[in-house]
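A short write-up of the structure that comes next.
There are 2 protein chains.
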Amino acid sequence: MSARQFIHLDGPLSMKHGQLGRATLAYECWGELNATRDNCVLLFTGLSPSAHAASSLADPSAGWWEDMLGPDKPIDTRRFFVICVNSLGSCFGSTGPASVNPTTKQPYRLDFPVLTVEDIAHAGKALLQALNIDSVHTVVGASMGGMTALSFALSYPKQVRQLVSISSATRSTPYAIALRSLQREIIREDPLWQNGQYDIMGNGPVSGMRLARKLGMISYRSGEEWEQRFGRERAPDFGETDNPFGIDFEVESYLESHANRFIGSFDANCYLYLSRAMDLFDAADHGGSLQASFASLELDKALVIGVKTDMLFPLNQQRALAEALDRTTANVSYHPLQSLQGHDSFLVDMDRFRPPIAEFFNPSAG
Amino acid sequence: MSARQFIHLDGPLSMKHGQLGRATLAYECWGELNATRDNCVLLFTGLSPSAHAASSLADPSAGWWEDMLGPDKPIDTRRFFVICVNSLGSCFGSTGPASVNPTTKQPYRLDFPVLTVEDIAHAGKALLQALNIDSVHTVVGASMGGMTALSFALSYPKQVRQLVSISSATRSTPYAIALRSLQREIIREDPLWQNGQYDIMGNGPVSGMRLARKLGMISYRSGEEWEQRFGRERAPDFGETDNPFGIDFEVESYLESHANRFIGSFDANCYLYLSRAMDLFDAADHGGSLQASFASLELDKALVIGVKTDMLFPLNQQRALAEALDRTTANVSYHPLQSLQGHDSFLVDMDRFRPPIAEFFNPSAG
Numbered sequence: 023m024s025a026r027q028f029i030h031l032d033g034p035l036s037m038k039h040g041q042l043g044r045a046t047l048a049y050e051c052w053g054e055l056n057a058t059r060d061n062c063v064l065l066f067t068g069l070s071p072s073a074h075a076a077s078s079l080a081d082p083s084a085g086w087w088e089d090m091l092g093p094d095k096p097i098d099t100r101r102f103f104v105i106c107v108n109s110l111g112s113c114f115g116s117t118g119p120a121s122v123n124p125t126t127k128q129p130y131r132l133d134f135p136v137l138t139v140e141d142i143a144h145a146g147k148a149l150l151q152a153l154n155i156d157s158v159h160t161v162v163g164a165s166m167g168g169m170t171a172l173s174f175a176l177s178y179p180k181q182v183r184q185l186v187s188i189s190s191a192t193r194s195t196p197y198a199i200a201l202r203s204l205q206r207e208i209i210r211e212d213p214l215w216q217n218g219q220y221d222i223m224g225n226g227p228v229s230g231m232r233l234a235r236k237l238g239m240i241s242y243r244s245g246e247e248w249e250q251r252f253g254r255e256r257a258p259d260f261g262e263t264d265n266p267f268g269i270d271f272e273v274e275s276y277l278e279s280h281a282n283r284f285i286g287s288f289d290a291n292c293y294l295y296l297s298r299a300m301d302l303f304d305a306a307d308h309g310g311s312l313q314a315s316f317a318s319l320e321l322d323k324a325l326v327i328g329v330k331t332d333m334l335f336p337l338n339q340q341r342a343l344a345e346a347l348d349r350t351t352a353n354v355s356y357h358p359l360q361s362l363q364g365h366d367s368f369l370v371d372m373d374r375f376r377p378p379i380a381e382f383f384n385p386s387a388g
Numbered sequence: 023m024s025a026r027q028f029i030h031l032d033g034p035l036s037m038k039h040g041q042l043g044r045a046t047l048a049y050e051c052w053g054e055l056n057a058t059r060d061n062c063v064l065l066f067t068g069l070s071p072s073a074h075a076a077s078s079l080a081d082p083s084a085g086w087w088e089d090m091l092g093p094d095k096p097i098d099t100r101r102f103f104v105i106c107v108n109s110l111g112s113c114f115g116s117t118g119p120a121s122v123n124p125t126t127k128q129p130y131r132l133d134f135p136v137l138t139v140e141d142i143a144h145a146g147k148a149l150l151q152a153l154n155i156d157s158v159h160t161v162v163g164a165s166m167g168g169m170t171a172l173s174f175a176l177s178y179p180k181q182v183r184q185l186v187s188i189s190s191a192t193r194s195t196p197y198a199i200a201l202r203s204l205q206r207e208i209i210r211e212d213p214l215w216q217n218g219q220y221d222i223m224g225n226g227p228v229s230g231m232r233l234a235r236k237l238g239m240i241s242y243r244s245g246e247e248w249e250q251r252f253g254r255e256r257a258p259d260f261g262e263t264d265n266p267f268g269i270d271f272e273v274e275s276y277l278e279s280h281a282n283r284f285i286g287s288f289d290a291n292c293y294l295y296l297s298r299a300m301d302l303f304d305a306a307d308h309g310g311s312l313q314a315s316f317a318s319l320e321l322d323k324a325l326v327i328g329v330k331t332d333m334l335f336p337l338n339q340q341r342a343l344a345e346a347l348d349r350t351t352a353n354v355s356y357h358p359l360q361s362l363q364g365h366d367s368f369l370v371d372m373d374r375f376r377p378p379i380a381e382f383f384n385p386s387a388g
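Protein chains in written order, with my numbering: chain A, 23 to 388; chain B, 23 to 388.
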C-alpha cells in the first residue's frame with residue numbers, strides 16, 4: 023500500500039539546461055491544509071530518499087524521517103500540512119532519467135537534460151501550483167534537500183516565510199565534489215553501465231552501484247562513530263574462507279549489507295544526475311554573489327543545523343550559511359550539534375535533532 | 023641510473039602465514055657505516071614508495087623524502103648510515119606477489135602468503151643480517167612504515183635504540199579499514215584483474231587501480247587543504263565537451279592526473295597485499311595486549327609525530343602511541359602538527375616536519 027500521489031503537469035517543464043515535454047511529480051502529504059491555505063510545510067529530500075518521509079494511514083511503513091514528522095512530533099501534522107516531494111530526476115515516481123521520454127517512447131537515460139538543484143526547486147513550485155497552494159509556511163531540507171530549500175527560498179522569496187536548512191550549504195566543497203565525482207566514475211566504469219544504455223528494468227551496473235554506495239556510506243558517517251561502534255571487531259566468518267581479500271572486519275560486513283540493500287532500489291543514471299546536481303549548485307549564482315543572492319530573501323525566520331563530524335558539509339559551511347542569512351533575516355538560529363554520525367546524523371541522532379526543530383516550529387511550547 | 027642494491031637471502035624466509043623459498047630485498051643507502059657499526063638508521067616506507075628516499079651520486083633523481091635525508095639535512099648522512107628498504111610484498115625490487123615463484127617459475131600472484139607488517143619488519147632484519155649490521159641506531163617510518171618500525175622495535179628490542187613514528191598508529195581504525203577495503207574491492211571488481219591472473223608485465227586492472235588511487239588520494243589529503251587550493255575552480259575545458267559527467271572541476275582534474283601517474287608504476291596484486299597488511303596490524307597482538315607488547319621495548323628515546331587533519335591515522339592514535347611508549351621509554355616526544363595536507367603532510371609540509379626530526383637526531387644543535 024502506498025500513500026504516494028502524483029501530479030502530471032499540464033505543460034512542458036522548463037529546466038536550466040533543457041525542457042521536459044511532460045513531467046510527473048510524486049509526493050506524499052500529511053495533515054490538512056487550513057482554510058487560509060497558509061500552513062504548508064514543503065520538505066525536499068536528500069539525494070536518495072523517496073517522498074515517504076513518514077507513515078500514514080495509507081502507508082503505515084516507517085518513513086525516512088518518522089521521528090520528526092507526525093501528530094505531536096516536532097513538525098506537528100495536527101498543525102501543518104506537510105508535503106514531501108520526490109526530487110525531479112529521481113526514480114521514485116517523479117520524472118527522471120529512468121522515465122520514458124514521451125517523444126521517443128524510450129527511457130531518457132543520458133538524453134535527460136543536465137539536472138540542477140534549481141530545477142528540483144522549480145519542480146516543487148510547479149507541484150504547489152498544481153495543488154493550488156500559493157505560499158509556503160516553511161521550506162525544509164537536509165543535505166541536497168537543504169540546497170533545494172535554499173534555492174526555493176531564493177527563487178520564490180515572497181512565497182516562503184521560514185527556512186530550515188540541515189547539514190547543507192550554499193555550495194559544495196571540492197572535497198565533497200571529489201567524493202561524489204569518484205562515485206560517479208566507479209558507476210560509469212562498470213561495464214554493465216553501457217554508457218547509460220543498460221536495461222532500466224534489469225540490474226544495470228550492480229557492482230558499480232554497490233561500490234559507489236559503500237563510498238557514500240563512508241562519506242556519510244564518521245571515523246569517531248565507527249571506532250566506538252566497531253573497533254577491531256571481526257566479521258562472523260573471519261578466517262573461515264580461503265579468500266585472502268574477503269570480509270574480515272565487522273565494518274566491512276556492515277558496508278556490504280547496507281550497500282546490497284541500496285542497489286536494488288536506485289536507478290544508476292538517476293544517481294549520476296542527482297549527484298552531479300549537488301556539485302553544480304552554488305547559491306551565489308542566483309544573484310552573481312552570495313550577498314546579492316541573499317539580498318532578495320524575504321524570510322521571517324530561519325534555522326540552520328549542522329554537525330561537527332560531517333565531512334561532506336562541514337560545520338564552517340553551516341556557520342557561513344547562518345551568517346549570510348542573518349544579514350537579511352530577523353530571526354536566525356544556528357545549532358551546531360555534537361552528533362557522532364557525521365552527515366547522516368539527521369537521520370539517526372534524533373535525540374539531538376528533535377529539540378531545535380520542535381522549538382523552531384513551536385517556540386511557545388518551550 | 024639506479025642506486026638500488028639487492029640482497030638475495032640464502033635460506034627460505036619465514037612469514038607469519040607461510041614461507042618464501044627464496045627472497046630478494048631491494049634497498050638504497052646513504053652515508054657510511056662507522057667503525058663501531060652503530061650509526062645505522064633504518065627507514066621503512068609507506069605502502070607505495072620505493073627505496074629511493076633521496077638522491078645520491080648513483081641516482082641523482084629526487085627521492086620521496088629528499089628534504090629530510092642527506093648531508094646536513096635533518097637525518098644527516100654525514101653522521102648516519104641510512105638504509106631504506108623496499109617492503110617485502112612490494113614491487114620495486116623486493117620479493118612480492120608480482121615476483122616469480124622459483125618453484126613454479128610463474129609469478130606468485132595470489133599464491134603469495136598473506137602478508138603482515140611483521141613480515142615486512144622481519145625482512146628488514148634479514149637485510150641487516152645480510153649486511154652484517156647487528157643493531158640499529160634509529161628505526162624510522164611514516165604511515166605503514168611507522169607500523170613496520172614499531173613492529174621491528176617490538177620484535178628486536180635489544181637491537182634498536184631509538185624509534186621515530188610519523189602519522190602512524192598501533193593499529194588501524196575501522197574507518198581506515200573501510201577506506202582500504204573499498205579500494206581493494208574496486209580493484210578486484212575490474213574485470214581485467216582476472217582474480218589476480220592478469221599479465222604482470224601488461225596493463226592489468228588499469229581502471230580499478232586508477233579509481234582506487236583516487237580514493238587513496240582523497241583519504242590522504244584533507245577537505246581544508248582542498249578548499250583553500252581549489253575552491254570551486256573549474257577545469258580548463260569545462261563545458262567544452264558533451265560528456266555530462268566529464269571533468270568540470272579543477273579538483274577532478276587534479277585527481278585524474280595524479281591517479282594516471284600512479285597506475286603504470288604499481289602492481290595491482292602487490293597493492294592488495296600491502297593494503298591488507300595495514301588492516302591486519304595490531305601491536306597488541308605481539309604480547310597479547312598493548313601494555314604487555316610495549317613492556318618488552320628497550321628504547322632510549324622515541325619521537326611520535328601526527329597531523330590534526332589526518333583522517334587515516336587520526337591524532338588521538340598518535341597521542342595514544344606516545345602515551346604507551348612513555349610508560350617504558352625514558353625520553354618520548356610527541357609533536358601534533360597543524361599541517362593542512364592530512365595523512366600526506368610528511369611528504370609535502372616539510373617546513374613543519376623538518377624541525378622536530380632535526381631536533382630528535384641532533385638535539386645539541388638547537
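Even for Gly, the Cβ is constructed at its ideal location relative to N, Cα and C.
These figures come from a predicted structure and were not determined experimentally.
What's the gap between the Cα of residue i and the Cα of residue j?
i: Leu149/A; j: Ser165/A; result: 21 Å
i: Ala306/B; j: Ala143/B; result: 16 Å
i: Ser21/B; j: Leu201/A; result: Outside the displayed span of chain B (23 to 388) sits residue 21/B, for which this structure offers no information.
i: Arg256/A; j: Pro196/B; result: 10 Å
i: Pro227/B; j: Trp215/B; result: 5 Å
i: Leu172/A; j: Ser187/A; result: 7 Å
i: Pro213/A; j: Arg206/A; result: 13 Å
i: Ile222/B; j: Gly146/A; result: 54 Å
i: Phe28/A; j: Ala120/A; result: 17 Å
i: Asn56/A; j: Ile105/A; result: 14 Å
i: Val329/B; j: Gly167/B; result: 16 Å
Residue j and residue i - do their beta-carbons sit closer together than 7 Å?
i: Ser189/B; j: Phe316/B; result: no
i: Pro96/A; j: Arg283/A; result: no
i: Ala48/A; j: Ala84/A; result: no
i: Leu65/B; j: Ala75/B; result: yes
i: Gly43/B; j: Pro124/B; result: yes
i: Leu343/A; j: Val326/A; result: yes
i: Glu381/B; j: Ser203/A; result: no
i: Phe103/B; j: Glu50/B; result: no
i: Leu302/B; j: Thr351/B; result: no
i: Ala80/A; j: Ala45/A; result: no
i: Met231/B; j: Ile285/B; result: yes
i: Leu132/A; j: Gly218/A; result: yes
i: Glu246/A; j: Leu362/A; result: yes
i: Leu185/B; j: Val161/B; result: yes
The alpha helix (DSSP H) spanning residue i covers which residue range?
i: Ala344/A; result: Leu337 to Asp348
i: Val248/B; result: Per the sequence shown, residue 248/B should be read as Trp rather than Val. Start and end: Gly245 to Arg251.
i: Cys292/B; result: Ala290 to Leu302
i: His280/B; result: Glu272 to Ile285
Shorter than 7 Å from the beta carbon of residue i to some beta carbon of chain B?
i: Leu204/A; result: yes
i: Ile97/A; result: no
Within 7 Å of any Cβ in chain A, is that where the Cβ of residue i sits?
i: Glu345/B; result: no
i: Glu274/B; result: yes
i: Ile222/B; result: no
i: Ile208/B; result: yes
i: Leu294/B; result: yes
i: Glu211/B; result: yes
i: Ser165/B; result: no
In terms of residues, what are the limits of the beta strand (DSSP E) holding residue i?
i: Tyr13/B; result: This structure cannot settle anything about residue 13/B, because the visible part of chain B is limited to 23 through 388.
i: Val370/A; result: Careful: Val370/A lies outside any beta strand (DSSP E), inside the alpha helix (DSSP H) at Ser367 to Val370.
i: His30/A; result: Gln27 to His30
Residues from the region 119-138 of chain A in contact with chain B, defined by Cβ distance under 7 Å: Leu132 and Val136
Contact list for the region 179-199 of chain A against chain B, Cβ threshold 7 Å: If the cut-off is 7 Å between Cβ atoms, the region 179-199 of chain A has Arg193, Thr195, Pro196, Tyr197 and Ile199 near chain B.
Positions along the region 312-336 of chain B whose CB lies within less than 7 Å of some CB in chain A: So the list reads Met333 and Pro336, given in the order they occur along the chain.
For the region 235-265 of chain A, which residues have a beta carbon sitting closer than 7 Å to at least one beta carbon of chain B? Lys236, Leu237, Ile240, Gly245, Trp248, Glu249, Phe252, Gly253 and Arg254
Taking beta-carbon pairs under 9 Å, can you tell me which members of the region 53-68 of chain A lie near chain B? none
Along the region 353-371 of chain A, where does the CB come closer than 9 Å to a CB of chain B? Name the residues. none
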